[in-house]
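In the numbering used here, the protein residues as written are 875 to 1059.
Following: one structure in structure tokens, then a few remarks.
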Amino acid sequence: MNGRGIAAVVAGIAFGIAQLAVAHEGRDEGSVSGSTAFTAITPILNVESVEASVVHYTSILGFKKNWDWPAEAADKTFASISNGEVAVFLSEKGQGARPVWIYYSVDNVDELHEKLARAGAEIRQKPVDRPWGAREMLVADKDGHILRIGGPSRKGHGESGDDHGEGRKEHVGSDEDGDKEEGHH
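Structure representation (structure tokens):
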């Protein structure tokens, strides 16, 4: 393993330890219920090519690469990417199915929409105010995974139409959203 490969592995381990430390910060060490409570989540996305997905996420969707694996191999099969405080793992042809929907929260959906559109992202649904008080948009990655990105709604700017993009020409599948019933938002 060369120096850069070792540095990538060390950086990945350090990032993971930092994430765990943040997740456990402020927990009562003697708490039985706290010791079994979930403290963090990192989705694992099944992708066709880890290397191509890392390029897509970092050059178009605004993520950064934390690390990839195996560090010494030319063809990577697993990677960690992040945007802000959110990390996602990418797994080449394994660990899960496609497509997966992931909900991300941001402060300004419209600003992110403009940025992603300029970068060439596949926007499945432009930002729209929802009845439950969020402003949301849908973006697809190169493997068909859907990034449902939401933030505060624009007061007084509600839009008509369906609630989750169902029935739209570009919508993937018929029921991947899984939150059509009232109260599942």
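A virtual CB, placed ideally from N, CA and C, is assigned to each residue, including glycine.
As the structure is a computational prediction, the values presented were derived from the model and not from experiment.
If you draw a straight line from the Cα of L986 to the Cα of G1025, it is about 10 Å long. Here DSSP, grouped into helix, strand and coil, assigns E946 to coil.
Here the C-alpha atom of Q999 lies approximately 24 Å from the C-alpha atom of F963. In this structure, R1009 keeps its C-beta atom at 9 Å or more from the C-beta atom of W975. For S965, the enclosing beta strand (DSSP E) starts and ends at 960-966. For D981, the number of other beta carbons within 10 angstroms of its own is below 16, and it is reported as exposed.
Rounded to the nearest angstrom, the gap between the Cα atoms of T916 and Y977 is 12 Å. Residue R1028 holds the alpha-carbon nearest to the alpha-carbon of R1004 among V1013, R1028, T932, A995. In the pairwise beta carbon analysis, the region 922-931 is classified as touching the region 944-953: at least three pairs are separated by under 8 Å.
Counted as a single uninterrupted DSSP element, the beta strand (DSSP E) harbouring K1000 occupies residues 996-1003. In the structure shown, the three-state DSSP call for K1016 is coil. Using a 10 angstroms sphere on the CB of W1006, the tally of other CB atoms stays under 16, which defines it as exposed. A distance below 8 Å between beta-carbons, with the five flanking residues on each side excluded, links V928 to the following residues of its chain, in chain order: K939, D942, K950, A953, I955, L964.
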